[in-house]
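Notes follow the structure.
Residue numbers (our numbering): -14 to 295.
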């Protein structure tokens, strides 16, 4: 049962989150300090994690598993985009609300969880989901916030996470692996991702007025759609699709993709909201509350998945 170690790891990460929030409440840290850590995470730590995940020997099983993870990622994101279209048509949802349902925080949260529970060799399948995420976020996601822009290939290809994924795949297929101090450096930096991402979120939490958030009824609908309705639909459809039984270790590989698919709303949405003046505080609130709710929803959906696939 993965639900129990998943709960344990999420609880450990949340202890870091609440500690950082307490430091902000005590005046030792400022919420604005999280911007520096955010840049460090986005442009340095996460790319190292992604590149390091491809530092393994390519086998037919890994190749099939990576393709399966990408296929599941595409299917889940297609489902989420359908939900986004329905939200816009029937609920008049804002850009922030729709993006919060479509895009998940797979990089910051799922990478350390998978590395802890299953081992570093399984992180490569999270990178498959992140690859799909980056392509969709910097194309269709960008158009959500700025309809005047089409697909920005430059932003897609020059995004540090995408560069790391491309370089990692080149090394994987070429059979190139790091060694010595360089290998150790990448591995050491990669271990920072979980604590660092929780510190950043905690610093935001420490500056927020939760009483005001609880009075906003729309935010609860977004949380319900992201963490329950769409995540549940993704788990049920993928579990019943037969994909987990098609490849070696398919059960575990698909579970990793579903962990990424059922993760909280992406922190990138807040950054996009700041750039395009689309209510960044609301985006941060959704990110924080979906992150807090995942300690219950993610273990539950993984338990349902294990029951369905046997």
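Glycine included, each C-beta is placed from N, C-alpha and C at the ideal position.
Could you name the residues of the same chain whose beta carbon sits closer than 6 Å to that of residue i, not counting the 5 residues immediately before and after it, in chain order?
i           : result
residue 2   : 183, 186 and 187
residue 5   : 184, 187 and 188
residue 178 : 30, 34, 96 and 97
residue 229 : 235, 236, 239 and 294
To which residues of the same chain is residue i closer than 8 Å at the C-beta, ignoring the five residues directly before and after it?
i           : result
residue 232 : 46, 49, 50, 53 and 238
residue 150 : 35, 36, 39, 112, 115, 116 and 119
residue 204 : 198, 267, 270, 271 and 274
residue 225 : 293
Roughly how many angstroms lie between the CA atoms of residue i and residue j, to the nearest whole one?
i           : j           : result
residue 24  : residue 113 : 22 Å
residue 131 : residue 124 : 10 Å
residue 118 : residue 67  : 16 Å
residue 267 : residue 252 : 12 Å
residue 106 : residue 100 : 8 Å
residue 181 : residue 129 : 28 Å
residue 89  : residue 158 : 28 Å
residue 44  : residue 265 : 44 Å
residue 163 : residue 55  : 25 Å
residue 69  : residue 280 : 24 Å
residue 165 : residue 174 : 15 Å
With DSSP collapsed to three states, give me the class of residue i.
i           : result
residue 89  : strand
residue 250 : strand
residue 146 : helix
residue 280 : helix
residue 39  : coil
residue 169 : helix
residue 94  : helix
residue 161 : coil
residue 18  : helix
residue 255 : helix
Have a look at the options and flag the residue whose alpha-carbon is nearest the alpha-carbon of residue i.
i           : options              : result
residue 220 : 283, 275 and 139     : 283
residue 19  : 151, 189, 217 and 0  : 189
residue -13 : 102, 230, 81 and 121 : 102
residue 76  : 206, 126 and -1      : 206
residue -1  : 273, 234 and 261     : 273
residue 153 : 41, 11 and 86        : 41
residue 249 : 84, 263 and 292      : 84
residue 127 : 213, 173 and 256     : 256
residue 302 : 80, 202 and 121      : Past the edges of the chain, shown from -14 to 295, lies residue 302, and the structure says nothing about it.
residue 57  : 16, 192, 218 and 156 : 218
residue 59  : 245, 169 and 290     : 245
Counting along the chain, where does the alpha helix (DSSP H) carrying residue i start and finish?
i           : result
residue 28  : Note, residue 28: premise wrong, no alpha helix (DSSP H); not H, not E.
residue 48  : 45 to 76
residue -7  : -12 to 10
residue 229 : Counting along the chain, residue 229 falls outside any alpha helix (DSSP H), and DSSP gives it neither H nor E.
residue 109 : 108 to 121
residue 181 : 178 to 190
residue 129 : 127 to 130
residue 204 : 202 to 209
Who are the near neighbours of residue i in its chain, counting only those whose CB is closer than 7 Å to its CB and skipping five residues on each side?
i           : result
residue 86  : 65, 68, 69, 72, 207, 210, 211 and 215
residue 144 : 119 and 123
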